[in-house]
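Heads up, the sequence shown is in this note's numbering, so the first residue is 8 and it goes up one at a time. Remarks on the structure that follows.
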Amino acid sequence: MNRKTGVSARVPDGSVFKDMAGAYVALMTPFTKKDTVNVAVLEQQVDYYAACGIRGLYVTGGTGEGLLLTLAERKHVLETVVRANAGRMRIIAHIGCINTNDAVTLARHAEKTGADWISSVAPVYFGQTFAAAHRHYTKIAAATGLPFLIYATVGTALDPERDARLFDIPNVMGMKYTGIDFYALQRLIWRLAHPAIFFAGMDPLFVPAFASGCIAGCIGTTQNVVPRHFSRMFDAMTQGDFASAIRLQAEANRVLELLTESENWSHRKAMVRFIGLDVGAARPPYEPLTDAQYEALAARMREQGIVRENDALKGQK
């Protein structure tokens, strides 16, 4: 272990990490008016984000309403994404479930389907202890040969000494860290026995996260609306142009402020509809927007200068 730099210098050597660095979209799952998965729009999303320079897609996570989908639907979504992607982007399948055995089922399906990595939140509702999380992750990671990305969700406080033990689990190769304590993250990296890769999950802090030297990319919700901002942000920082990256971050944060002013996920999905991807409403217990609510939101997006810059969507409607 090197306590100056840690064993993970942003993107570690090794084929498992090849082409992983960059901006990822935490993909929204599109629904039809009959509340079924909208395959046509899902394929459109994949094509659009690939054309925007996005490195990869994080499928059926929180943004994708994964825990509001049946296991069959989650499999269907991943199969559709992998097929439509055709190798253009990296695919991370979020397979987290309340039930560990269901997560194992989805992990095996992800490997069979052709996902590049799997990822999971810690146990939710039941088993919310570190020991339970360790057992949960150990069983999932043992189910496949895919590299495993731990998802440290909002509010997770890193404990460097404790959490380093998670990386001793075979196949655990990284973490999506949705937090702001990059000093704690750096201390965690110092304690790892093998290389790992880390992604920022706090959309408004991609630039400072990257500047910390710990982060290889980002995975987030805002990327659904302004994907080019994040792909260009990443490119600018890797080229040393932090002035451009800071400007892009500020512009994206204005979008994020509007995106998060409502806890209703249908509000956020409506912003994606505005740019030309009709992902439908969120599932219950969320409620759909009324026509008046959508038009008011669309007017504010126009005021902010959020436009449909989607060359990739031309001719696809």
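Even glycine gets a Cβ: it sits at the ideal position worked out from N, Cα and C.
query                                                                                                     : result
According to DSSP, residues forming a beta bridge with F155                                               : I125 and V179
Coil, strand or helix - Y31 by DSSP                                                                       : strand
9 Å Cβ cutoff met for R142 and E168                                                                       : no
Residues that DSSP places opposite L64 in a beta bridge                                                   : V32 and I98
Residues near R97 by beta carbon distance below 7 Å, same chain, minus five either side                   : D26, M27, R62, G63 and D123
Cβ contact check for the region 239-248 and the region 268-283: 3 or more pairs under 8 Å                 : no
Cβ distance (whole Å) where R340 is taken to contact L265 below 8 Å                                       : Because residue 340 is not part of the residues shown, which for the chain are 8 to 324, the question remains open.
Close beta carbons around T120, own chain, < 7 Å, minus the five adjacent residues each side              : L85, E86 and V89
C-beta contact flag for A149 and Y184 at 9 Å                                                              : no
Residues near R261 in its chain [Cβ-Cβ closer than 8 Å; skip 5 each side]                                 : Q311
Reduced DSSP secondary structure (H/G/I, E/B, other) of Y293                                              : coil
Exposure of D337, with buried meaning 16 or more beta-carbon neighbours within 10 Å                       : Here the chain comprises residues numbered 8 to 324, so residue 337 is not present and cannot be evaluated.
C-alpha gap between P154 and T297, whole angstroms                                                        : 42 Å
F217, DSSP secondary structure in three states                                                            : helix
Helix, strand or coil at G208 according to DSSP, with G and I counted as helix                            : coil
Cβ separation of T229 and L263, assumed to be a contact under 8 Å, to the nearest whole Å                 : 5 Å
Of the residues F249, K146 and N106, the one placed nearest F213, counting alpha carbons only             : F249
Expected contact under 8 Å - CB spacing of F205 and M182 to nearest Å                                     : 5 Å
beta-carbon H83 near the ligand GDP non-hydrogen atom, thresh 8 Å                                         : Of ligands this structure carries none, so the ligand GDP is not represented either.
Whole-angstrom C-beta distance between I99 and L156, which should lie under 8 Å                           : 6 Å
Start-end ranges of the alpha helix (DSSP H) lying completely within the region 37-83, minimum 4 residues : 46-58
As assigned by DSSP and simplified to three states, the class of I226                                     : strand
Assigned secondary structure, S15 (DSSP; H/G/I helix, E/B strand, else coil)                              : Note that S15 has pLDDT 40, beneath the 50 cutoff, so the model's placement of it is unreliable and the number below is only indicative. If DSSP states are grouped into helix, strand and coil, S15 belongs with coil.
Inter-residue spacing [alpha-carbon to alpha-carbon] between T151 and P291                                : 32 Å
Segment limits, alpha helix (DSSP H) that includes R261                                                   : F249 to L266
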